[in-house]
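Residue numbers for the sequence shown follow full-length UniProt numbering, beginning at 1 and rising by one.
For glycine and all other residues, C-beta sits at the position ideal for the given N, C-alpha and C.
Small disclaimer: the values here were computed from a predicted structure and weren't measured.
I have placed the structure first, in the form of structure tokens, so that the comments after it can refer back to it.
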Amino acid sequence: METRPNALTFTASTDQRFFFFSDTRNDNGRRIPVSVYGIRAGFLFPSKHDRPAIKGVRDASFKAGAGFYFINQHLDQPGLLPNTSEYVTRHLRIATVYYERYWLRRNSFEVSTPIEFGYGHSRYERNDDQAKDFEVARGIFLPLGVGVLSAYQFPTIRWLRPLHWFGVNALIGYRFILKKDIPESQINYTGFYISVGPSFFLENLTSDIKYWRQRRKQRLKRG
């Protein structure tokens, strides 16, 4: 029988996204996606009140936690930074905290709205092996993002329970930059981001571990 969780549940996942920067475009002037890799971890918080759209063991009301992301990208447009005319490589490191409200979470499907606030550090280096000083600039920026996330977990099969540890998700959002890293530059990270790919549900893995432990205890008692 399914019961409502009455305690926090730890959850974690890898997170690959595609950011659209104003300085990264193709020959036709269209923005092209930049791969961003990261990981985030947090806790599922159980519902305090009945919510018809959220039922059973998947009735967590919201999720909150922290994440970390990094980007290493070669920029093909010279002169983006003040007083420079070289091609550069940028390195971004972003730490975030997030709050993710669930609007639908039942059976194998869920819809949520993640809100993230971050602290980012940027570093720009010359792409010139002859240069004695590679670093061009560095700075700190503050991103704020909001999006809509939908996820589907594969169904539970009795003889193959690990299948429901995995699924797919789709995320679309918009990122606002509250503080630019290099104010006088042509670089601005405000824009859309998307993510479509596989998903890993750590809470399902931990739930199965508890399930297997309980079954083992029951077998030992009967034996």
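Beta-carbon gap between residue i and residue j smaller than 8 Å
i, j, result
"L75", "R93", "no"
"L104", "E203", "no"
"G118", "P143", "yes"
"S13", "S185", "no"
"G197", "I172", "no"
"R40", "R31", "no"
"E149", "P183", "A small fix is needed here, since residue 149 is Leu in this sequence, not Glu. Not a contact, by the Cβ cut-off of 8 Å."
"Y152", "F201", "no"
Supposed close pair residue i, residue j - CB separation, criterion 8 Å
i, j, result
"Y102", "S61", "6 Å"
"K63", "E100", "4 Å"
"G65", "Y87", "With a Cβ gap of about 37 Å, G65 and Y87 do not count as contacting."
"Y193", "F70", "That pair is no contact at about 15 Å."
"V136", "T84", "6 Å"
"G67", "G38", "6 Å"
"Y195", "D15", "Reading off the sequence, residue 195 comes out as Ser, not Tyr. With a Cβ gap of about 7 Å, S195 and D15 count as contacting."
"G139", "D181", "3 Å"
Best match in the options for proximity to residue i [C-alpha to C-alpha]
i, options, result
"F20", "N107, S207 and N188", "N188"
"H164", "S122, G42 and S207", "S207"
"F176", "N169, I209, P46 and F141", "F141"
"I51", "R106, L80 and A170", "Looking at the sequence shown, residue 51 is not Ile but Arg. Checked all of R106, L80 and A170; the closest Cα to R51 is R106."
"N72", "S122, R216, F134 and L81", "S122"
"W212", "Y152, G139, R158 and F134", "R158"
"Y124", "L178, Q77 and F10", "Q77"
For residue i, the first and last residue of its enclosing beta strand (DSSP E)
i, result
"Q218", "Unbroken run through Q218 is the alpha helix (DSSP H), L202 to R222; no beta strand (DSSP E)."
"F117", "F109 to R126"
"F135", "Residue 135 is actually Glu in this sequence, not Phe. Its beta strand (DSSP E) spans residues E135 to Q153."
"T24", "T9 to R25"
"N169", "F166 to K179"
Residue-chain proximity (residue i, chain B), Cβ-Cβ < 8 Å
i, result
"A64", "The displayed structure is made up of one protein chain only, and chain B is not part of it."
Report the start-end ranges of each beta strand (DSSP E) in the segment 44-91 that is 3 residues or longer and not cut off at the edges. 60-75
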